[in-house]
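I have placed the structure first, in the form of structure tokens, so that the comments after it can refer back to it.
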Amino acid sequence: MKIYLDNAATTKMSKAAIEAMLPYMDGVYGNPSSLHSIGQAASEVLTNARKQIAECINALPEEITFTSGGSEADNQALISAARIGQRNGKRHIVSTAFEHHAVLHTLNALEKDGFEITLLNVHENGIVLPEQIADAIRDDTCLVTVMYANNEIGTLQPIEAIGEICRANNILFHTDAVQAAGHMHINVKEQNIDMLSLSAHKFHGPKGIGVLYAKKGIPLASLIEGGAQERGRRAGTENIPAIMGMAAALKESCAHLDNRAKRLHILRDQLIDGLSQIPHSILNGDALNRLPGNVSFCFEGIEGESLLLLLDDRGICASSGSACTSGSLDPSHVLLAIGRVHDVAHGSLRLTLSDENTEEQIEYTIKTVKEVVAYLRSISPVWRDLADGKREFIIK
Ligand SMILES: *Cc1c(COP(=O)(O)O)cnc(C)c1O
């Protein structure tokens with residue numbers, strides 16, 4: 096038996112998504128740019144998918160650009176906003192220290208091109224305050240980019256309030272909503288969002304497809320040149336099967352959003368309560384203001400990597416943080432941003448749920464994590480020093 100608790104890394108495709116894709120692999124296989132009937136049939140379904148996705152976030156169809164995923168959407172949003180800023184003599188960007196690397200690395204590149212970046216530190220609860228944004232913006236700020244929900248610790252950010260500040264100051268506001276789409280209600284109009292990224296494989300759709308929403312009138316810079324697809328904003332023949340799978344997955348996720356969230360909240364809190372019983376452990380991020388399916392802990396005196404391997408032996412697929420940082424020995428930048436020291440950040444565990452998880456699985460997981468943490472501590476020299484009082488516990 097496998098218990099999959101790594102849904103923030105990727106999700107299993109839903110039946111609805113797979114079924115929605117199949118007809119576009121053999122039946123309607125045309126290129127939407129072709130003028131003949133087979134091409135035009137593909138063009139028609141593309142129009143419908145765009146409309147469906149737009150409706151899920153209260154956008155207009157022409158505000159939707161298909162990309163290869165969340166990373167590309169983030170890159171395109173930031174580079175587009177930077178070019179607009181540059182034309183107006185504005186070269187300052189505000190963001191946070193715990194963004195996804197698709198945002199942080201793009202900001203690094205922009206910094207080398209002469210932009211000035213302010214990265215805000217977040218509070219220990221993993222939430223940035225609108226006042227911090229208000230204090231950081233300047234006359235030459237062209238963009239504020241703050242993620243909707245953090246991919247490691249699941250905390251939800253005050254998007255609507257940040258959007259309001261940006262709107263009042265005539266600054267573009269982008270949000271990386273990759274973890275939120277399909278899991279939280281999104282309404283780009285009511286939430287004052289100018290640009291938003293989402294990715295299908297985080298809500299039970301296929302990998303390699305995503306969306307950049309950009310409010311009407313915002314000129315997007317094309318990162319891929321070569322054709323007039325996506326109204327000149329992204330060249331390349333559209334991946335129709337993936338787009339159809341994404342549209343079906345988003346529609347299904349949004350239709351079941353409240354029911355699933357209600358169920359996940361219960362499982363999540365059961366897991367948090369159970370793991371909190373482990374001595375010298377700490378929950379990362381606010382206990383309530385977090386994604387319905389996210390649980391993130393640090394355990395003192397252990398190595399996150401060893402924990403993952405032993406959990407996998409016992410059938411539990413988990414993560415130490417983001418899929419992108421695992422494999423490197425650096426502790427997660429997210430955990431450091433909320434003030435965890437290196438030693439503590441190394442002992443992290445992220446468990447992210449889906450609707451397929453059951454109460455029995457959660458009970459088994461609590462029992463197993465408790466056993467494995469106790470075992471790892473029993474063989475850890477660091478733990479012995481802590482237990483003998485030769486070192487002081489950081490997590491009380
Ligand atoms: C997964 C993820 C991305 C990257 O999306 P891809 O489609 O895998 O490129 C970006 N931002 C966040 C917050 C994510 O969780």
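For the sequence shown, my numbering gives the first residue as 96, with consecutive numbering after it. For every residue, glycine included, the Cβ atom is placed at its ideal position computed from N, Cα and C. Remember, it's a predicted structure, so these values are computed and weren't measured experimentally.
Assign residue i to one of three DSSP states: helix, strand, or coil.
i, result
"D101", "strand"
"L291", "strand"
"A154", "coil"
"G258", "helix"
"Y308", "strand"
"T191", "strand"
"H269", "strand"
"R385", "strand"
"T213", "strand"
"R355", "helix"
"V429", "helix"
"R472", "helix"
"T240", "strand"
"I248", "coil"
"I335", "helix"
Measure the C-alpha to C-alpha separation of residue i and residue j and round it to an integer number of angstroms.
i, j, result
"A154", "L402", "43 Å"
"I188", "E206", "9 Å"
"A494", "L471", "Any answer about residue 494 is impossible in this case: the structure gives the chain only from 96 up to 491."
"G369", "I461", "6 Å"
"I232", "A256", "14 Å"
"I411", "A115", "30 Å"
"S109", "N102", "13 Å"
"G249", "N389", "5 Å"
"A112", "N126", "21 Å"
"R355", "K465", "27 Å"
"I335", "L141", "7 Å"
"P387", "Y99", "16 Å"
"N264", "C237", "10 Å"
"D353", "V477", "44 Å"
"S473", "R479", "8 Å"
"L117", "A244", "32 Å"
Leaving out the 5 sequence neighbours to the left and right, which residues in its chain are closer than 7 Å to residue i when beta-carbon positions are compared?
i, result
"G258", "F268, Q286, N287, I288"
Hey, would you say residue i sits closer than 8 Å to residue j, going by beta carbons?
i, j, result
"K185", "D235", "yes"
"I304", "M290", "no"
"A275", "L345", "no"
"L448", "L362", "yes"
"M120", "H195", "no"
"T270", "L173", "no"
"S128", "Q324", "yes"
"Y321", "A330", "Looking at the sequence itself, residue 321 is Gly, so the reference to Tyr does not match. Their beta carbons are under 8 Å apart, which means G321 touches A330 by this criterion."
"E398", "H437", "no"
If contacts are defined as beta-carbon pairs under 8 Å, then residue i and residue j qualify, I think. What distance do you get, rounded to the angstrom?
i, j, result
"E454", "Q365", "7 Å"
"S475", "F392", "Their Cβ separation, rounded to whole angstroms, is 17 Å, which puts S475 and F392 out of contact at 8 Å."
"P301", "I260", "36 Å between Cβ atoms; not a contact."
"F193", "A432", "4 Å"
"T191", "D169", "Not quite, the Cβ-Cβ distance comes to about 13 Å (not below 8 Å), so this is no contact."
"A413", "L446", "5 Å"
"E219", "G434", "5 Å"
Apart from the five residues on each side of it in sequence, which residues of its chain come closer than 8 Å, Cβ to Cβ, to residue i?
i, result
"F298", "T106, A276, G277, H278, A344, L345, S348"
"V467", "L402, L405, L406, R409"
Enumerate in chain order the residues of its own chain whose CB-to-CB distance from residue i is below 6 Å, with the five nearest sequence positions on each side excluded.
i, result
"G165", "V273, S292, S294, G305"
"D425", "none"
"S421", "No answer about S421 holds up, because its pLDDT of 49 lies below 50 and its placement is not dependable."
"P156", "R145, K146, A149"
"I152", "I281, V283"
"I212", "I188, L202, E206"
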